[in-house]
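*Asks:* Residue numbers (my numbering): 1 to 184. This structure is in structure tokens; I'll ask about it shortly.
In structure tokens, the structure reads:
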């Protein structure tokens, strides 16, 4: 019994070592940002390395209007589970959004962008949403740029945070955190 147990551990150790060697050879086998030499012919050139400059910190302040009813809703339920109606939290509902982002707290204030994506009620004990969306800026300094956001939003929390997982234009390679404060 002891010898068979020892051989299982040995086999497992060898497998872990093999995986580690593979990962190390893959990680160090090419220059960062470059393709292996045998794959360059697919593109006909060697792509340039990504160069990272000084990081910028950008503070944005705008209002997100989630309009769920009326003549022009911007948030529409696209799916729901059979049990969603029985849930106090709406667990199982999936909503597609195209919400305005404005400079002021009124929905009629200047439009600076749109929040486009999906949120789903993903918690059974509290109102907690799984959100995946893009902030698409249509006016001002960041026109044409986007921020990609993924995270959990607890609706009734005073302050909420969600991860910024990327972006485009002025926000290319954006990261860190999106903080949402209480309503004014």
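All residues carry an ideal CB built from backbone N, CA and C; glycine is no exception.
Of the choices 155, 66 and 74, whose alpha-carbon is the least far from that of residue 121?
*Replies:* When each option's Cα is compared against that of residue 121, the closest is 155.
*Asks:* So, with DSSP's three-state summary, where would you put residue 137?
*Replies:* Note: residue 137 maps to strand in three-state DSSP.
*Asks:* Which residues bound the beta strand (DSSP E) around residue 168?
*Replies:* Its beta strand (DSSP E) spans residues 160-168.
*Asks:* Taking a contact to mean a Cβ-Cβ separation below 8 Å, would you say residue 128 touches residue 97 in this structure?
*Replies:* Cβ atoms of residue 128 and residue 97: not closer than 8 Å.
*Asks:* Beta-carbon within less than 7 Å of residue 102's beta-carbon, same chain only, minus the 5 sequence neighbours each way: which residues are those?
*Replies:* Closer than 7 Å at the Cβ level, and outside the excluded window around residue 102, lie 62, 63, 65, 109, 110, 111 and 112.
*Asks:* Would residue 68 pass as a contact of residue 75 if the rule is Cβ separation under 8 Å?
*Replies:* Yes, the pair counts as a contact, with Cβ atoms nearer than the cut-off.
*Asks:* Excluding the five sequence neighbours on either side, which residues of its own chain have a C-beta within less than 6 Å of the C-beta of residue 144, listed in chain order?
*Replies:* These residues qualify, in order along the chain: 169.
*Asks:* Output needed for residue 89: all residues of its chain with C-beta closer than 8 Å, excluding positions within five of it in sequence on either side, in chain order.
*Replies:* So the list reads 121, 123, 124, 125, 126, 127 and 128, once near-sequence residues are dropped.
*Asks:* For a minimum of 3 consecutive residues, which ranges assigned as the beta strand (DSSP E) are wholly contained in the stretch 108-137?
*Replies:* Correct list: 111-121 and 128-137.
*Asks:* Going by CA-CA distance only, name the one from 71, 107, 148 and 70 that's closest to residue 174.
*Replies:* Ranking the options by Cα distance to residue 174, first place goes to 148.
*Asks:* Expressed to the nearest angstrom, what Euclidean distance is found between the alpha-carbon atoms of residue 151 and residue 130?
*Replies:* Their Cα atoms are separated by approximately 6 Å.
*Asks:* Within 10 angstroms of the Cβ of residue 176, are there 16 or more other Cβ atoms? Answer buried if so, exposed if not.
*Replies:* The residue is exposed, with fewer than 16 neighbouring Cβ atoms inside 10 Å.
*Asks:* To the nearest angstrom, report how far apart residue 135 and residue 81 are at their CA atoms.
*Replies:* Roughly 28 Å separates the two Cα atoms.
*Asks:* I need the straight-line Cα distance from residue 105 to residue 115, nearest angstrom please.
*Replies:* Using only the alpha carbons, I get a separation of about 15 Å.
*Asks:* To which residues does DSSP link residue 152 through a beta bridge?
*Replies:* BP columns for residue 152 point to 130.
*Asks:* Going by beta carbon distance, what residues of the same chain come within less than 6 Å of residue 165, once the five residues before and after it are set aside?
*Replies:* Cβ neighbours of residue 165 beyond the five flanking positions: 148 and 150.
*Asks:* Expressed to the nearest angstrom, what Euclidean distance is found between the alpha-carbon atoms of residue 153 and residue 54?
*Replies:* In a straight line, the C-alpha of residue 153 is about 31 Å away from that of residue 54.
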